[in-house]
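K.L.:
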Amino acid sequence: MVFPLSSPYDVVGVLVVCCVILKWYRARNSRLDFIPTVGFSNPILSYISAYKYVFDSVRMMQEGYDKYKGGLFKMARLDDWVVVATGVEQVDDIRKAPDDVLSFSEAVSRSLQVDYTLGNAVNNNPYHISIIRSQLTRNLASIFPDVREELVAAFDDAIPAKEHGWVTMPATETIMEIVCRTSNRIFVGAPLCEDPDYRKLNVQFTIDVVKGAFIINRFPDILKPLAGRLFTNVEGSIQRAVRHLEPLIKARRSMLEKYGADWDEKPNDFLMWLMSEAKGDETSTASLARRILTVNFAAIHTSSMSFSHALYHLAANLEFVQPLREEVESIVASEGWTKAALGKMYKVDSFMRESQRYNGIGLINLERYVLKPFTFSNGVTVPAGTIICCSSRPVHLDEEFYPHADKFDPWRFVNMRQEEGEITKHQMVSTTNEFLAFGHGRHACPGRFFAANELKALLAHVVMTYDVKFEDGHGFPSNRYVGNACIPGTANLMFRLRCSPNVPVAAPA
697 MVFPLSSPYD VVGVLVVCCV ILKWYRARNS RLDFIPTVGF SNPILSYISA YKYVFDSVRM
757 MQEGYDKYKG GLFKMARLDD WVVVATGVEQ VDDIRKAPDD VLSFSEAVSR SLQVDYTLGN
817 AVNNNPYHIS IIRSQLTRNL ASIFPDVREE LVAAFDDAIP AKEHGWVTMP ATETIMEIVC
877 RTSNRIFVGA PLCEDPDYRK LNVQFTIDVV KGAFIINRFP DILKPLAGRL FTNVEGSIQR
937 AVRHLEPLIK ARRSMLEKYG ADWDEKPNDF LMWLMSEAKG DETSTASLAR RILTVNFAAI
997 HTSSMSFSHA LYHLAANLEF VQPLREEVES IVASEGWTKA ALGKMYKVDS FMRESQRYNG
1057 IGLINLERYV LKPFTFSNGV TVPAGTIICC SSRPVHLDEE FYPHADKFDP WRFVNMRQEE
1117 GEITKHQMVS TTNEFLAFGH GRHACPGRFF AANELKALLA HVVMTYDVKF EDGHGFPSNR
1177 YVGNACIPGT ANLMFRLRCS PNVPVAAPA
């Protein structure tokens, strides 16, 4: 007898039942039974744990770290399990593993649901990453004047502050606007970086990718294509980006045809580097637009969250401001605003690194997909098809590695750098087995050098230019955790232009 499925809900219901049966079958034949579980290990009840993790992730991750430190534990996802490594030795194991055994790209593809949120071309040919590692990083000094010029203009336009009286601004929205505009000065140049609709597109695309990936990951694999069609609109965003980028790309192609690879005033930005490196189908305007949206996503959401956290710490602790101001004023007075000058701002660097340690943007890092059975140095073997990762937040808050780890100490890393042989180990861009904000090893964030320079430039500008405090009656908002993501709480910040470089930091009232 055939039972007709009268609505899409019937279809979804049948598919969900099939997924439950499939998970039960997989669990019966699982080779992960020997790894302890946080939450329910029963294949059906584990769905409860998988959904619970969305809202109670901090407690569950910390529970696993405290119980199984130095080893492994597993946690439920909707269609399978994720194995979490808790020891620095396991971090080293993952870092050293070859890509044909532990795949970073496959893990990212699954975590961000790249096929649906960014498009499979980004994953199949990630040539933009090599551009980030080479041209972007190599040109940091030469592009810094543009970064500085744009961030000053972005702050002036976004925050209508005056010397007398305070202006109140929504923190995260304002910061995202400033980060987007400043980053796009290097991605596409002026004046497009100043275009309100272009900036709105990139900010919204960033939010859409995060939301889309989060929603799609709530579905079992068999339902993800359907969820991708329902909850994303990648092609619509690309077409909107094309409308902005097409005139610019046409003009640059005309100059290339007329003058060849080099000409006076040739832009030194990411779009130009893409145009120079793209091959075949990637040379189309739509493909270039997809890459620009992708690098915006990578830059905007991470840098905006990181700077929001840092600015909250600054507003909540006025005693931190004066030491930062003195450092910035002294170095800028002697060297001006340059990348080299930023490199000498050890307190600014330490402040940003400590904010990353204390808050971070997620609970885990070094996520990998196991392509071949992988054996950790402790002898534990995980099978192919497993997702593994490291528990970064518990490591960053571990007293073994960071004394008084539950306290925000802005000078923690500048003090650590003063120890013999430690001058470079504890700078913002450095990664270690105990500091995983940017990942670690050859797959550490390739854009961290650009991001660190931008974030330090933003912080240095704020302490030189503004007095900042929370809206009256409010303080540091609690971070919100949704699954693995750490999202800064919402708050209004008050800004006032400094009346004088010598105004005491305690003056705002």
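Sequential numbering of the sequence shown, starting at 697, is according to the working numbering.
All C-beta atoms in this analysis are idealised placements derived from N, C-alpha and C, irrespective of residue type, glycine included.
Helix, strand or coil: which one does DSSP assign to Asn-992?
P.N.:
Position 296 of the sequence shown, counting from 1, holds the residue named residue 992. Three-state DSSP puts Asn-992 in a helix.
K.L.:
Straight-line CA distance for Ala-817 to Glu-1095?
P.N.:
In the sequence shown, counting from the first residue as 1, residue 817 sits at position 121. In the sequence shown, counting from the first residue as 1, residue 1095 sits at position 399. Whole-angstrom Cα-Cα distance: 43 Å.
K.L.:
When you compare the CB positions of Lys-1068 and Val-797, do they come within less than 9 Å of one another, or not?
P.N.:
Taking the sequence shown and counting its residues from 1, one reaches residue 1068 at position 372. Taking the sequence shown and counting its residues from 1, one reaches residue 797 at position 101. In this structure, Val-797 lies closer than 9 Å to Lys-1068 by Cβ.
K.L.:
Count the other C-beta atoms from every protein chain shown that fall within 10 angstroms of the C-beta of Leu-989, then say buried if there are 16 or more, exposed otherwise.
P.N.:
As a first step, residue 989 must be located in the sequence shown, where it is residue number 293. Buried.
K.L.:
How close, in whole Å, do the beta carbons of Leu-984 and Leu-967 come, if the pair is a contact with beta carbons under 8 Å?
P.N.:
Here residue 984 refers to the residue found at position 288 of the sequence shown. Here residue 967 refers to the residue found at position 271 of the sequence shown. At roughly 7 Å, the Cβ-Cβ gap stays under 8 Å, so Leu-984 and Leu-967 are in contact.
K.L.:
So, are the CB atoms of Leu-970 and Ile-827 less than 9 Å apart?
P.N.:
As a first step, residue 970 is located in the sequence shown; it is residue number 274 there, counting from the start. As a first step, residue 827 is located in the sequence shown; it is residue number 131 there, counting from the start. Result yes, Cβ atoms of Leu-970 and Ile-827 sit closer than 9 Å.
K.L.:
Specify whether the stretch 1034-1045 and the stretch 1177-1191 touch according to this definition: at least 3 beta carbon pairs, one from each stretch, less than 8 Å apart.
P.N.:
They do not touch, by the three-pair rule.
K.L.:
DSSP has Val-1164 in a bridge; who is on the other side?
P.N.:
Taking the sequence shown and counting its residues from 1, one reaches residue 1164 at position 468. Val-1164 pairs with Phe-1191.
K.L.:
Give me the Cβ distance between Met-872 and Val-899, rounded to the nearest whole Å; I'm assuming they're in contact under 8 Å.
P.N.:
Working through the sequence shown from its first residue, we reach residue 872 at position 176. Working through the sequence shown from its first residue, we reach residue 899 at position 203. Contact flag correct, Cβ pair sits at about 6 Å.
K.L.:
Between the Cα of Ile-874 and the Cα atoms of Asn-1055, Leu-1155 and Ser-805, which residue gives the shortest distance?
P.N.:
Here residue 874 is taken as the residue at index 178 of the sequence shown, counted from 1. Nearest C-alpha to Ile-874: Leu-1155.
K.L.:
Looking at C-alpha atoms only, which residue of Val-734, Ala-1080, Asn-821 and Phe-1191 is the closest neighbour of Asp-977?
P.N.:
Locating residue 977 in the sequence shown gives position 281, where the first residue counts as 1. For Asp-977, the nearest C-alpha among the options comes from Asn-821.
K.L.:
Looking only at its chain, what residues have a beta carbon closer than 7 Å to the beta carbon of Leu-1020, apart from the 5 residues adjacent to it on each side?
P.N.:
Locating residue 1020 in the sequence shown gives position 324, counting from the first residue. Excluding residues within five positions, the ones whose Cβ falls inside 7 Å are Lys-1043, Val-1044, Phe-1047 and Val-1159.
K.L.:
Which whole-angstrom value describes the C-beta separation of Gly-1143 and Ala-1006, a residue pair presumed to lie in contact below a C-beta threshold of 8 Å?
P.N.:
Taking the first residue of the sequence shown as 1, we reach residue 1143 at position 447. Taking the first residue of the sequence shown as 1, we reach residue 1006 at position 310. In fact, because the Cβ distance is near 18 Å, the residues do not count as touching under 8 Å.
K.L.:
Is it a yes or a no for the stretch 923-935 touching the stretch 894-914, going by three-plus beta-carbon pairs under 8 Å?
P.N.:
The stretch 923-935 is in contact with the stretch 894-914.
K.L.:
What does Leu-798 pair with, by DSSP beta-bridge criteria?
P.N.:
Numbered from its first residue, the sequence shown carries residue 798 at position 102. Its beta-bridge partners are Val-1066.
K.L.:
Rounded to whole angstroms, what's the CA-CA distance from Lys-1165 to Leu-1193? Just pull it up for me.
P.N.:
Looking up residue 1165 in the sequence shown gives position 469. Looking up residue 1193 in the sequence shown gives position 497. So the two alpha carbons sit approximately 12 Å from each other.
K.L.:
Going by DSSP, what residues sit across from Gly-1135 in a beta bridge?
P.N.:
The sequence position of residue 1135 within the sequence shown is 439, counting from 1. Paired residue(s): Ala-1133.
K.L.:
I need the straight-line Cα distance from Leu-1014 to Asp-789, nearest angstrom please.
P.N.:
As a position in the sequence shown, residue 1014 is number 318, starting the count at 1. As a position in the sequence shown, residue 789 is number 93, starting the count at 1. In a straight line, the C-alpha of Leu-1014 is about 42 Å away from that of Asp-789.
K.L.:
At the level of alpha carbons, what is the spacing between Val-707 and Val-1078?
P.N.:
Translated into positions along the sequence shown, residue 707 becomes position 11. Translated into positions along the sequence shown, residue 1078 becomes position 382. Residue confidence is low: Val-707 scores 49 on pLDDT, short of 50, so the model does not pin down where it sits. Its coordinate-derived value is still stated next. Going by the C-alpha atoms only, they are around 34 Å apart.
K.L.:
Assuming the contact rule is C-beta atoms closer than 8 Å, Ser-1088 and Gly-1056 should be a hit. Round their C-beta distance to whole Å, please.
P.N.:
The residue you call residue 1088 lines up with position 392 of the sequence shown. The residue you call residue 1056 lines up with position 360 of the sequence shown. Between Gly-1056 and Ser-1088 the Cβ distance is about 6 Å, and since that is below 8 Å, they are a contact.
K.L.:
Per DSSP, what are the beta-bridge partners of Asn-1061 in this structure?
P.N.:
Within the sequence shown, residue 1061 is the residue found at index 365, counting from 1. DSSP lists Cys-1086 as partners of Asn-1061.
K.L.:
Between the Cα of Met-1112 and those of Arg-755, Glu-1050, Asp-1163 and Ala-1036, spot the shortest distance and give me the residue it belongs to.
P.N.:
Numbered from its first residue, the sequence shown carries residue 1112 at position 416. If we check each option's Cα against that of Met-1112, Glu-1050 comes out closest.
K.L.:
Indicate whether Ala-854 and Leu-1189 have their beta-carbon atoms separated by less than 9 Å.
P.N.:
What you label residue 854 is simply residue 158 of the sequence shown in a count that begins at 1. What you label residue 1189 is simply residue 493 of the sequence shown in a count that begins at 1. No, they are not a contact pair.
K.L.:
Who are the near neighbours of His-1136 in its chain, counting only those whose CB is closer than 8 Å to its CB and skipping five residues on each side?
P.N.:
For this step, residue 1136 is matched to residue 440 along the sequence shown. Correct list, in chain order: Val-787, Arg-791, Asn-1061, Leu-1062, Thr-1127, Thr-1128 and Asn-1129.
K.L.:
Using 8 Å as the threshold, is the stretch 995-1004 in touch with the stretch 830-845, meaning 3 or more CB pairs across them?
P.N.:
Contact fails: fewer than three Cβ-Cβ distances are below 8 Å.
K.L.:
For the beta strand (DSSP E) that Tyr-749 lies in, which residues bound it at each end?
P.N.:
Translated into positions along the sequence shown, residue 749 becomes position 53. That residue, Tyr-749, is in no beta strand (DSSP E); its alpha helix (DSSP H) goes 742-764.
K.L.:
Ile-1183 bridges to which residues according to DSSP?
P.N.:
Here the question's residue 1183 lines up with position 487 in the sequence shown. DSSP, once it has assigned bridges, lists Arg-1176 as partnering Ile-1183.
K.L.:
Alpha carbon to alpha carbon, how far is Lys-1035 from Tyr-761?
P.N.:
By 1-based counting over the sequence shown, the position of residue 1035 is 339. By 1-based counting over the sequence shown, the position of residue 761 is 65. The alpha-carbon atoms of Lys-1035 and Tyr-761 are separated by roughly 39 Å.
K.L.:
According to DSSP, is Val-778 helix, strand or coil?
P.N.:
As a working note, residue 778 is residue 82 in the sequence shown. In this structure, Val-778 counts as strand in the three-state DSSP scheme.
K.L.:
Entirely within the stretch 893-943 and at least 4 residues each: give me those alpha helix (DSSP H) ranges in chain order.
P.N.:
DSSP runs (the alpha helix (DSSP H)) wholly in the stretch 893-943: 920-927.
K.L.:
So, Phe-1134 versus Ala-793, is the Cβ gap smaller than 9 Å?
P.N.:
The residue labelled residue 1134 in the question sits at position 438 within the sequence shown. The residue labelled residue 793 in the question sits at position 97 within the sequence shown. Going by C-beta atoms, Phe-1134 is not nearer than 9 Å to Ala-793.
K.L.:
State the CB to CB distance for the pair Ala-850 and Thr-998, rounded to an integer number of angstroms; the pair is presumed to be in contact (CB under 8 Å).
P.N.:
Position 154 of the sequence shown, counted from the first residue, corresponds to residue 850. Position 302 of the sequence shown, counted from the first residue, corresponds to residue 998. The Cβ separation is near 18 Å, so there is no contact.
K.L.:
Below 7 Å CB to CB, which residues in the same chain sit around Ala-937 once its five sequence neighbours on both sides are set aside?
P.N.:
As a working mapping, residue 937 is identified with position 241 in the sequence shown. Counting only Cβ-Cβ distances below 7 Å, and skipping sequence neighbours, we find Leu-897, Ala-985, Ile-988 and Leu-989.
K.L.:
How long is the line joining the alpha carbons of Lys-946 and Gly-956, rounded to whole angstroms?
P.N.:
Here residue 946 corresponds to residue number 250 of the sequence shown, with the count starting at 1. Here residue 956 corresponds to residue number 260 of the sequence shown, with the count starting at 1. Their Cα atoms are separated by approximately 14 Å.
K.L.:
Just to confirm, is the Cβ distance from Phe-1104 to Ala-857 under 9 Å?
P.N.:
Taking the first residue of the sequence shown as position 1, residue 1104 is located at position 408. Taking the first residue of the sequence shown as position 1, residue 857 is located at position 161. No, the Cβ-Cβ distance between Phe-1104 and Ala-857 is not below 9 Å.
K.L.:
Just curious, the alpha helix (DSSP H) that Val-843 is in, first and last residue?
P.N.:
One-based indexing of the sequence shown puts residue 843 at position 147. First-last of the alpha helix (DSSP H) with Val-843: 836-854.
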